[in-house]
Amino acid sequence: MNIVVCVKQVPDTTEIRIDPVKNTLIRQGVPSIMNPFDKNALEEALQLKEQYGGAVTVISMGPEQAKATLREALSMGADKAYLVTDRSFGGSDTYATSYILAKVIEKLGPFDVILGGKQAIDGDTGQTAPSIAEHLGIARLTHVLSIKIEGKKCIVEREIEEGVEIVEAKLPILCTATKETNKPRYATIKGKIDSLKAEIENITLADLPDMDVTKIGLKGSPTRVKSTFTPKRQSCCEMLEIINPRETARMLFGKLADAKIL
Amino acid sequence: MSLLYTDEQKALIALVKEMAENEIKPHVQELDEKGECPKDLFKWAFDMGLHMLEIPEEYGGTGLSYETTAMIFEELAKVDAGYAITLVTTFVALRNVILSGTPEQGKYFADIIGKGNFAAFALTEPNAGSDPAALRGTAVKDGDDYILNAAKTFITNGEIAALFVGFFKTDPAAGHKGISAFIVDADAAGITIGKHENKMGLRLSNTTDVTFENVRVSASSMVGPEGSGFKLALNALNLSRAFVATMAVGIMQRALDESVKYAKERKQFGQPIIKFQMVQQMLADMAIKTEASRVLVNNTMRMMDNGSLVRKEGSITKTFVSDCAQEVTSNAVQIFGGYGYSKEYPVEKLMRDCKIFQIFEGANQIQRLTIANELEREYK
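Residue numbers (my numbering), protein chains in the order written: chain A, 57 to 318; chain B, 1049 to 1428.
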């Protein structure tokens, strides 16, 4: 079983404060962490490996400092890690990023299972991992709760709004993990020490000769950010007088119906 | 912090902190109240390898230095020293079997502990605390076996241990030279676990009586030569003294952390109490004692890493640190005022937890005796 996990280094949003005057994020001094959902994806990969054997490869696109996140993945038990990094990759949106990562996966593969988090906590788009499946032309299953491998296919439980969906799919498959998928393990002390000494290879544009360079970087990205802003929080409250419970409930129903909530 | 940490040490401390704060801390108050710690909660420590940190790699350990191991246990003790000491007792027992026993004995012991089990030292008896030479427990040779009989008390990990290193008189007339050490499986016939002590502090740590009644062990389970048990016990105590000191530093640091946080939040007379000079002095003194203790522990650990037995230095460290810890934790309660005396706040537990550090691994009075004896010898 060959498994690849896509991870992203993100600012720890629980540590981010908002500048009360400028209404912007204070990024200074905010520690970087592995995107929490990617940690769930990695945990799922490690469990699959424990159950079915094989190897877990981790890839991340980003600057040199993203190696800290790859080291963390190694400390938890991943076998190999690669940093996807090149000046020409800078400014890539989810389309370009997923295209580059798909090329990297093709180069390192073949893989039976590709895993990623359901979204990153910084951009929150949830597009990159599913788009990788599109570029590779394979099936994708998002928000998975469990993965069972049976020969050349897998049985996957997915979390959907109405409950749990059980799906059968052919391998290779791309799955995205959520907080509900599992509880990520801690690194062992030995794993942590080894990860600090591990060599992490860089994969650059030169390593990906069949890349269409018009599809990467800022120029290859169709997304244009017009502006960003912090939405104004608006809340108002209306107290209903309690005449009797039935009458108050009727009034409440009327209000909710007027507001088109019911 | 007072020490220079390597990047590796920083990473390991951060890892253990994350685990202890997320997985252990939420349960501590309830378990302290109950006076127990379920084995499940040690799964985290076993998975991480915290019971084998400084055990050599050929025995399945991580092979860390004493210095780094101590830093990790300080971090763990900040969350709960009782949890930490359960692991320390285990690896000190294993370490001493490796040091004093045969390679086969070391391997046997390490394999069982490595799988996620605890070990215990069975030394103390009701009438042999500070004076181990007064042991009454006996080991009598019977063919290729020994028959063990003893009533042991205050045995850390007594109820949960898979293995004991037990101390018995092979020659009752020979004083401390008549003591021999044996590896005993906890499920051997004739071992009875007595009552669990209802202790003042360190309540997550398991402490029981252990009775050996005609327990048969093979002669090959004797650790080291006959009559060398007392020496082994002293070596073990040198090691565990240094490690209990590092846990006391953890307790002190926690007391300081909680106190500063509280003193900045708590307002009286229109300002946070940290603005009052008398509170400032208490906090400053707490910081001074904590930092000095940490440096002293670190130095002892580095000496041990260099092969020193730290007979005097270990005694000095344990005594100084555990004495400081009384003042620091007592002042933490003082700074919290009435709230500090309440079990709803974390500091009264720190005060309860740290008292034992002046008593176990050799009472501080005995430590001072050792220090004075060493001085007398040095100045000859």
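Cβ atoms here follow ideal geometry from the backbone N, Cα and C, with glycine treated the same way.
Since this is a predicted model, take the numbers as computed values, not measurements.
Check                                                                                                                                                                                                            : Outcome
Would you tell me roughly how many angstroms separate the C-alpha atoms of A/Thr244 and A/Ser251, rounded to the nearest one?                                                                                    : 10 Å
Give the interface partners of B/Met1096 over in chain A, defined as CB-CB distance under 7 Å, in chain order.                                                                                                   : Tyr242, Thr244, Ile245
Taking the Cβ atom as the reference point for each residue, do B/Lys1337 and B/Met1295 lie within a distance shorter than 8 Å?                                                                                   : no
So if DSSP puts B/Met1349 in a beta bridge, which residue, or which two residues, is it bridged to?                                                                                                              : According to DSSP, B/Met1349 bridges with nothing at all.
For B/Ala1281, which of B/Ser1148, B/Arg1251, B/Gly1083 has the nearest alpha-carbon?                                                                                                                            : B/Ser1148
Who are the near neighbours of A/Met90 in its chain, counting only those whose CB is closer than 6 Å to its CB and skipping five residues on each side?                                                          : Val63, Thr125, Glu128
Closest by CA to B/Glu1106, which one among B/Asp1128, B/Ser1113, B/Gly1154, B/Asp1095?                                                                                                                          : B/Gly1154
Is there a C-beta anywhere in chain A that falls below 8 Å from the one on B/Asp1233?                                                                                                                            : no
What does A/Leu98 touch in chain B if you count any residue whose Cβ is under 7 Å from its own?                                                                                                                  : Within 7 Å Cβ-Cβ: nothing; A/Leu98 doesn't reach chain B, min ~16 Å.
Which residue or residues does DSSP assign as beta-bridge partners of B/Arg1264?                                                                                                                                 : B/Ile1195
With distances taken between CB atoms, is the gap from B/Ala1168 to B/Thr1201 smaller than 8 Å?                                                                                                                  : no
If you count every other CB in all the chains shown that lies within 10 Å of the CB of A/Ile161, and 16 or more means buried, which is it?                                                                       : buried
Quick one: what's got a C-beta closer than 7 Å to B/Leu1135's C-beta in the same chain, skipping five residues either side?                                                                                      : Ala1093, Leu1098, His1099
Under DSSP, the alpha helix (DSSP H) around A/Thr95 begins and ends at which residues?                                                                                                                           : The identity of residue 95 of chain A in the sequence shown is Lys, whereas the question assumes Thr. Note, A/Lys95: alpha helix (DSSP H), 92-108.
Terminal residues of the continuous beta strand (DSSP E) containing A/Met295?                                                                                                                                    : First-last for A/Met295: undefined, no H or E at that position.
Quick check: the Cα distance between B/Ile1061 and B/Phe1405, rounded to an integer number of angstroms?                                                                                                         : 23 Å
Spell out a yes or no on whether the segment 1359-1376 of chain B and the segment 1413-1424 of chain B are touching, meaning 3 or more CB-CB pairs, one atom from each, closer than 8 Å.                         : yes
Are the segment 180-195 of chain A and the segment 223-238 of chain A touching by the rule of at least three beta carbon pairs closer than 8 Å?                                                                  : yes
Can you give, in chain order, each stretch of the alpha helix (DSSP H) that sits fully within the segment 1102-1187 of chain B and has at least 4 residues?                                                      : 1114-1127, 1129-1148, 1151-1162
Considering only the beta carbon of each residue, do A/Gly247 and A/Gly110 sit closer than 8 Å?                                                                                                                  : no
In or out: A/Pro119 buried (at least 16 other Cβ within 10 Å) or exposed?                                                                                                                                        : exposed
Taking its Cβ as the centre, do 16 or more other Cβ atoms sit within 10 Å of B/Ala1222, making it buried, or is it exposed?                                                                                      : exposed
Report yes or no: is there a C-beta of chain A within less than 8 Å of the C-beta of B/Thr1138?                                                                                                                  : no
Return the chain-ordered list of same chain residues with a C-beta closer than 7 Å to the C-beta of B/Gly1226, the five sequence neighbours on each side being excluded.                                         : Lys1217, Thr1218, Asp1219, Pro1220, Gly1275
Run down chain A in chain order and give the residues with a C-beta less than 9 Å from the C-beta of B/Thr1110.                                                                                                  : Thr244, Ile245, Lys246, Ile249
Mind reading off the beta-carbon distance from A/Ala97 to A/Ala254? Whole number of angstroms is fine, and I expect it under 8 Å.                                                                                : That pair is no contact at about 20 Å.
Can you confirm whether the segment 1180-1196 of chain B touches the segment 1226-1237 of chain B when touching is taken to mean that 3 or more C-beta pairs between the two stretches lie within less than 8 Å? : yes
Would you kindly check if the distance between the Cβ of B/Asp1401 and the Cβ of B/Gly1249 is under 8 Å?                                                                                                         : yes
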